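A short worksheet on the structure shown next.
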Amino acid sequence: MCGIVGCIGSMAIKDTLLECLRKLEYRGYDSAGLATHDGNNLVVAKEVGRIDMLQQALAGLPRQACLGIAHTRWATHGSPTRANAHPHVSFDGSVAIVHNGIIENYRELRSELSAQGIPFLSETDSEVIAHFAALYWDGDLVSTMAKVASRLKGSYAIAMVHSLCPHSFVVTRKDSPLVAGLGTDG
Ligand code: GLU
106 MCGIVGCIGS MAIKDTLLEC LRKLEYRGYD SAGLATHDGN NLVVAKEVGR
156 IDMLQQALAG LPRQACLGIA HTRWATHGSP TRANAHPHVS FDGSVAIVHN
206 GIIENYRELR SELSAQGIPF LSETDSEVIA HFAALYWDGD LVSTMAKVAS
256 RLKGSYAIAM VHSLCPHSFV VTRKDSPLVA GLGTDG
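Each residue of the sequence shown is one higher than the last, beginning at 106 in the working numbering.
What follows is the structure in structure tokens.
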């Protein structure tokens with residue numbers, strides 16, 4: 106069991122994501138990470154171990170962020186290492202994703218991507234999602250995610266950010282719970 110979370114709004118994004126990750130801690134996890142968009146670039150941080158370790162890793166990063174996604178991982182494919190922790194980033198650096206669940210056909214998807222020369226940095230089933238999102242990118246988060254989801258078998262809740270989209274992110278799910286909330290500040 107693990108969890109994903111994303112937020113967008115006028116709140117302090119990194120603080121809010123860390124608070125949300127702490128609320129997911131009870132589900133169990135081996136590593137944690139987050140990706141934010143600072144208006145220009147994606148900023149990714151991840152660590153093995155406690156959320157406190159991630160908080161320390163974030164200390165040196167700029168506070169400003171427009172939106173972000175985050176993850177607590179309970180490894181199913183690949184050992185609990187920093188490389189296997191989420192978010193996973195696409196080969197061109199344009200996309201970051203977090204994934205809860207299992208991609209059952211990841212081996213064939215990974216072979217397909219490897220045949221195109223795309224390098225893998227992790228042992229996870231999840232990394233294929235980021236690479237396909239970059240390959241299928243059509244300028245629209247929702248339709249790109251739909252194209253990626255059409256390739257996936259298994260259960261998932263996924264959140265995705267794109268470097269060209271500083272004001273929105275996208276989520277999708279299949280056989281995993283996902284809740285959307287609207288507050289006064291985000
Ligand atoms: N299957 C993914 C992995 O091993 C996600 C695991 C999870 O749901 O935390 O990285």
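Just so you know, even glycine gets a beta-carbon here, dropped at the ideal spot from N, CA and C.
Predicted model, so just to flag it, every value in this text is computed and none were measured.
Classify residue i: buried if its beta carbon has 16 or more other beta carbons within 10 angstroms, exposed otherwise.
{"i": "residue 131", "result": "exposed"}
{"i": "residue 272", "result": "exposed"}
{"i": "residue 212", "result": "exposed"}
{"i": "residue 181", "result": "exposed"}
{"i": "residue 286", "result": "exposed"}
{"i": "residue 164", "result": "exposed"}
What residues in its chain sit with their C-beta under 6 Å from that of residue i, if we drop five residues either side in the sequence?
{"i": "residue 110", "result": "125 and 175"}
{"i": "residue 252", "result": "241"}
What residues in its chain sit with their C-beta under 8 Å from that of residue i, if we drop five residues either side in the sequence?
{"i": "residue 244", "result": "269"}
{"i": "residue 184", "result": "228"}
{"i": "residue 219", "result": "225"}
{"i": "residue 145", "result": "271"}
Is residue j closer than 8 Å to residue i when the C-beta atoms are compared?
{"i": "residue 196", "j": "residue 234", "result": "no"}
{"i": "residue 186", "j": "residue 153", "result": "yes"}
{"i": "residue 231", "j": "residue 267", "result": "no"}
{"i": "residue 168", "j": "residue 137", "result": "no"}
{"i": "residue 151", "j": "residue 192", "result": "yes"}
{"i": "residue 143", "j": "residue 170", "result": "yes"}
Would you report the Cα separation of residue i and residue j, rounded to the nearest angstrom?
{"i": "residue 289", "j": "residue 116", "result": "10 Å"}
{"i": "residue 114", "j": "residue 242", "result": "24 Å"}
{"i": "residue 254", "j": "residue 139", "result": "21 Å"}
{"i": "residue 217", "j": "residue 263", "result": "21 Å"}
{"i": "residue 208", "j": "residue 258", "result": "6 Å"}
{"i": "residue 172", "j": "residue 210", "result": "30 Å"}
{"i": "residue 119", "j": "residue 274", "result": "15 Å"}
Counting only the same chain and skipping the five closest in sequence on each side, list residues whose C-beta sits under 7 Å from that of residue i.
{"i": "residue 256", "result": "214 and 237"}
{"i": "residue 158", "result": "152"}
Query raised in the report: Taking only runs of the beta strand (DSSP E) that begin and end inside the stretch 134-177, which ones reach a length of at least 3 residues, in chain order?
Result: DSSP runs (the beta strand (DSSP E)) wholly in the stretch 134-177: 136-142 and 147-153.
Report task. Jot down the residue ranges of each uninterrupted beta strand (DSSP E) in the stretch 236-290, minimum 3 residues, whole runs only, in chain order. Result -> At a cut-off of 3 residues, the continuous stretches assigned as beta strand (DSSP E) that sit fully inside the stretch 236-290 are 259-267 and 275-279.
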